[in-house]
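Notes follow once the structure below has been shown.
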Amino acid sequence: MLNTPEPRKTRLPFEVWALVAGGFTVALGYGVVAPVIPQFALEFGVSNFAASAIVSAFALMRVVSAPVAGRVIDRFGERRTYITGILIVALSTGASALAVDYAQFLVLRGAGGIGSALFTIAATALLIKVSPPDARARVASLNAAGFLLGGLLGPVFGGIVTAFGLRAPFVFYFFTLLAAATVVAIALRGSSHAARNVPRPGTEAPVAFRTALVIPQYRALLLSVFAFGWTSFGVRVSVIPIFVVVGLHGDPATAAWVLAAYAAGNAALIFPAGRWGDTMGRKPLLVSGLLLMTAVYLLVPAAPILWATLALMVIAGMGSALVNPAQQAVLADVLAQRRGGNVVAAYSMASDLGGVLGPLIAGALLDAAGFGWAFSVTAALLAAATLTWALVPDSRKLQSTDPVDTAPGR
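My numbering puts the first residue of the sequence shown at 3, with every later residue one more than the last.
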């Protein structure tokens, strides 16, 4: 029998690699500065709560600014919004290195949150626009891998940079942000891919949020990305370390190893997940990945020893790798390379809300009823997202038709 040659991979546009490089650079710089932000706040003689509020202020401003970012993208385009947002973060970060009191630092971090909302939502919209329809999940996995690698290398560089003082990481991040802005500005200047549907008088109106909300896959996406933000950006980095220290009698170093196990599981599947999402579909990856994460968070409070927790977090990381690229691919399927700043903003806002509410609600449940309730509620939210995706068609079906025209009730 003759062997059937495998179909050639779609060649990714140069703009994709530029955006991935920009994301890696941003993640690297953030990995350097993030650990010192609370420490730097404490240098102004404030309480631990006030130091933590610096982090919350940034996250809160991201959430509040998301709807505005969507409208800015629809008005001025993704490229301009990306560069403007990243420059706002760069300037506020550089100015933070010169802050003389807590109030200045708080205001500057809040301003950084506004810029962060602008450029991250614009970056997502740009990736959707420049991604070939048959490589959307692969592009999303590349982007996630860039952020993962930058996040892993950031603390390594941070140990070196922090030796020059607590203000040095802010200067380092300032220059990495400028580098990212420069790379993307040059790469996307004159790009035919990025210019697709650039706002001009008389051109097609952007996809409205209310229009996208009619599509069942988009509604399922908002629930799953909220659950994903709650779990991966919230509970994983807040309640899991507490469980390791209190429940398993570990130390902060042990908690770091548990989070590293999650990153290892994520890294193991992040590239295959992109290929599978484009060949098998988004739905199988979303259902299986969310199901894995549900099982992990049900089992974590029953883990008797550290090694069991490490193994569970590896599995959680693998589930996350399946879910993350598939979610962005669904968003791309819904927009079908059209403008939709508010549609992308709602997606980002749902993730950020999950990341903000997850630690607060799970932490309150932990204080009131223990680890079992905190993790069970998290697992229930993931299970609801799993069931929702099990009941809707795969979003790849939207590629061959106009998603708006095929939505129920249209």
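Yeah, the Cβ is synthetic: ideal placement off N, Cα and C, and Gly gets one too.
It should be emphasised that the depicted structure is a prediction, and the values quoted were computed from it without experimental measurement.
Pairwise C-alpha distance: residue j and residue i
i, j, result
"Tyr299", "Ala146", "22 Å"
"Phe373", "Leu367", "8 Å"
"Ala370", "Val248", "15 Å"
"Phe16", "Lys131", "13 Å"
"Trp19", "Ala137", "13 Å"
"Leu129", "Ser234", "22 Å"
"Met315", "Arg77", "42 Å"
"Ala183", "Gly153", "18 Å"
"Gln330", "Gly25", "15 Å"
"Thr122", "Gly356", "16 Å"
"Ile188", "Ser350", "26 Å"
"Leu190", "Leu120", "17 Å"
"Ala99", "Thr86", "20 Å"
"Pro254", "Ile56", "22 Å"
"Leu389", "Val289", "8 Å"
"Val239", "Ala265", "12 Å"
"Trp375", "Gly321", "22 Å"
"Val70", "Val227", "20 Å"
"Arg202", "Ala101", "For Arg202, the pLDDT reaches just 47, beneath the cut-off of 50, and the residue's location in the model is therefore unreliable, although a value from the coordinates is still provided. One C-alpha to the other measures close to 41 Å."
"Arg13", "Lys285", "24 Å"
"Lys11", "Val185", "25 Å"
"Val212", "Gly72", "Note on identity: in this sequence residue 212 is Arg, with Val being the wrong assignment. Distance between the alpha carbons of Arg212 and Gly72: 13 Å."
"Gln106", "Ser67", "20 Å"
Distance CB(residue i)-CB(residue j) smaller than 8 Å
i, j, result
"Leu271", "Leu324", "yes"
"Ala364", "Val241", "yes"
"Gly112", "Ala59", "yes"
"Gly276", "Pro327", "yes"
"Tyr220", "Ala229", "no"
"Leu294", "Trp391", "no"
"Val237", "Thr380", "yes"
"Val22", "Gly156", "no"
"Asp103", "Phe176", "no"
"Ser54", "Pro40", "yes"
"Ala385", "Thr311", "no"
"Val302", "Phe377", "yes"
"Leu110", "Ala97", "yes"
"Asn151", "Ala387", "Going by the sequence as given, residue 151 is Leu instead of Asn. Against a cut-off of 8 Å, the Cβ pair of Ala387 and Leu151 comes out as no contact."
"Gly267", "Ala318", "yes"
"Ser143", "Phe273", "yes"
"Gly231", "Ala352", "yes"
"Ala257", "Val246", "yes"
"Leu362", "Leu308", "no"
6 Å Cβ shell around residue i - same chain, five flanking residues per side excluded
i, result
"Phe42", "Leu168"
"Val358", "Ala61"
"Met63", "Gly112, Gly115 and Ile116"
"Gly283", "Asp396 and Arg398"
"Thr83", "Val74, Ile75, Leu120 and Ala124"
"Asp354", "Arg64 and Val65"
"Val394", "Pro218, Gln219 and Ala222"
"Pro243", "Ala257"
"Gly204", "Because Gly204 carries a pLDDT of 45, less than 50, the predicted location of this residue cannot be relied on, and the following value inherits that uncertainty. Counting only Cβ-Cβ distances below 6 Å, and skipping sequence neighbours, we find nothing."
Bounding residues of the alpha helix (DSSP H) (the contiguous stretch that carries residue i)
i, result
"Glu17", "Phe16 to Val35"
"Met351", "Gly343 to Ala371"
"Leu120", "Tyr104 to Val132"
"Asp280", "Pro254 to Thr281"
"Pro243", "Arg238 to Ile244"
"Ile307", "From DSSP, Ile307 is part of no alpha helix (DSSP H); its letter is neither H nor E."
"Pro135", "Counting along the chain, Pro135 falls outside any alpha helix (DSSP H), and DSSP gives it neither H nor E."
"Asp76", "Asn50 to Phe78"
"Ser234", "Counting along the chain, Ser234 falls outside any alpha helix (DSSP H), and DSSP gives it neither H nor E."
"Arg13", "No alpha helix (DSSP H) contains Arg13, which DSSP labels as neither H nor E."
"Thr164", "Neither: Thr164 is in no alpha helix (DSSP H) and is coded neither H nor E."
"Ile217", "That residue, Ile217, is in no alpha helix (DSSP H); it is neither H nor E in DSSP."
"Pro171", "Ala170 to Leu190"
"Gln41", "Ile39 to Leu44"
Spatial neighbours of residue i in its chain, beta-carbon cut-off 7 Å, leaving aside the 5 residues before and after
i, result
"Leu179", "Val28, Gly31, Ile88, Val91, Ala92 and Thr95"
"Val38", "Thr164, Leu168 and Pro171"
"Ser133", "Val18, Val141 and Ala334"
"Ala127", "Ile75, Glu80, Gly343 and Val346"
"Leu337", "Ile130, Val209 and Val345"
"Trp278", "Leu287"
"Ala305", "Thr311 and Leu314"
"Ala269", "Leu150"
"Leu383", "Ala229 and Trp232"
Residue i CB to nearest heavy atom of the ligand NAD below 7 Å
i, result
"Ala318", "The ligand NAD is absent from the structure shown, which contains no ligands of any kind."
Same chain, Cβ closer than 8 Å to residue i, five either side skipped, listed in chain order
i, result
"Leu400", "Ile217, Gln219, Asp335, Val336, Ala338 and Thr408"
"Phe174", "Gly31, Val34, Val35, Phe159 and Val163"
"Asp280", "Asp136, Ala137, Arg138, Ala139, Arg140 and Ala331"
Within-8 Å CB hit, residue i to chain D
i, result
"Ala23", "The structure shown contains no chain D, having only a single protein chain."
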